[in-house]
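**Student:** Would you mind keeping the following structure in view while I ask a few things?
Residue numbers (this note's numbering): 291 to 550.
Here's what the structure looks like:
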């Protein structure tokens, strides 16, 4: 993996000269996550283009950096984890289960990253769509705010185990995002759920194409039947009625050339 090209891909060239453990600060970590989310979309297009997704960081690199593409959690966080390690951060991939209020998906349904920066640990995630813009401190029961909303991390028991629980504030209440354990995982351990998401009729990734990217003022998302732009809280939705229109928006808004 060419770290220089990866940093160029996410507009983070200034980090390159400072690579190494002395530069592994929380500020740099926040910058890297924000830039990644602004430059690399969350997308499941290969599933609908019948291109198998394998858990291999070389493949992730060729796709995300070489082909100017995005991916879903295993690809995005899998490659971001390697970048952070190459820059000198101490990291571990963790398994997350999506949901809330005691109803969660299977183990390895989502991959996130726990990163040590200075004397503190952070939850980093560039592969969960409309979620945190910056890493969350791995500190319990404090409200943490960024441009996407207000979050907190707690602890919960589920199926006999103890999990961290990430919630997002929704008005006066809280909505669950996912739970995760602190155990370090290997990339191969996600293979079962990675295959499920790209082959099972029960997978929500199989139901519709999606390509979504955080912007400086909001987010833009393309699905099989609509294009949504949210700018400073104002939502604009355009119907997508043909493959030709989908492909034109995909190229114009995300600089991704369609395969079909």
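The beta-carbon is built from N, C-alpha and C at its ideal position, and this holds for glycine as well.
If you're wondering where the values come from, they're calculated on a predicted model, not measured in any experiment.
Buried or exposed: residue 403, going by 16 or more other Cβ atoms within 10 Å of its Cβ?
**Tutor:** For residue 403, the number of other beta carbons within 10 angstroms of its own is at least 16, and it is reported as buried.
**Student:** At which residue ranges does the stretch 422 to 504 contain complete alpha helix (DSSP H) runs of 4 or more residues, listed in the order of the chain?
**Tutor:** DSSP runs (the alpha helix (DSSP H)) wholly in the stretch 422 to 504: 481 to 489.
**Student:** Run through DSSP, which three-state label would residue 542 get?
**Tutor:** Here residue 542 sits in helix by DSSP.
**Student:** Going straight from the alpha carbon of residue 449 to that of residue 295, what length do you get?
**Tutor:** 43 Å
**Student:** Going straight from the alpha carbon of residue 398 to that of residue 547, what length do you get?
**Tutor:** Rounded to whole angstroms, residue 398 to residue 547 spans 30 Å at the Cα level.
**Student:** By the 10 Å Cβ neighbour count, where 16 or more other Cβ atoms means buried, how is residue 515 classified, buried or exposed?
**Tutor:** It counts as exposed.
**Student:** Need the endpoints of the beta strand (DSSP E) that residue 349 sits in, please.
**Tutor:** Here residue 349 belongs to no beta strand (DSSP E); instead the alpha helix (DSSP H) covers 347 to 351.
**Student:** By a C-beta neighbour count over all protein chains shown, 10 Å radius and 16 as the cutoff for buried, is residue 491 buried or exposed?
**Tutor:** Residue 491 is exposed by the Cβ-count criterion.
**Student:** Tell me whether residue 360 sits in a helix, a strand or coil according to DSSP, three-state version.
**Tutor:** Residue 360 sits in coil when the DSSP states are folded into three classes, being neither helix nor strand.
**Student:** If you reduce the DSSP assignment to three classes, tell me which class residue 307 lands in.
**Tutor:** Because residue 307 carries a pLDDT of 48, less than 50, the predicted location of this residue cannot be relied on, and no value is offered for it.
**Student:** In the DSSP output, which residue or residues are listed as bridge partners for residue 373?
**Tutor:** In DSSP, residue 373 forms no bridge with anything.
**Student:** So with Cβ pairs under 8 Å, would you call residue 512 a contact of chain C?
**Tutor:** Among the protein chains of the structure shown there is no chain C, as only one such chain exists.
**Student:** Three or more C-beta pairs under 8 Å: does that hold for the stretch 374 to 394 against the stretch 465 to 484?
**Tutor:** yes
**Student:** Go through its chain and collect everything with a Cβ distance to residue 373's Cβ below 6 Å, but skip five positions before and after it.
**Tutor:** 296
**Student:** Report all residues from its chain with a CB closer than 7 Å to the CB of residue 396; omit the five preceding and five following residues, and keep chain order.
**Tutor:** 387 and 483
**Student:** Measure from the alpha carbon of residue 340 to the alpha carbon of each residue in 536, 531, 487 and 527, then state which is nearest.
**Tutor:** 487
**Student:** Return yes when at least one heavy atom of the ligand SAM lies under 7 Å from the C-beta of residue 508, else no.
**Tutor:** Inclusion of the ligand SAM in the displayed structure is not the case, the ligand content being empty and no account of it being possible.
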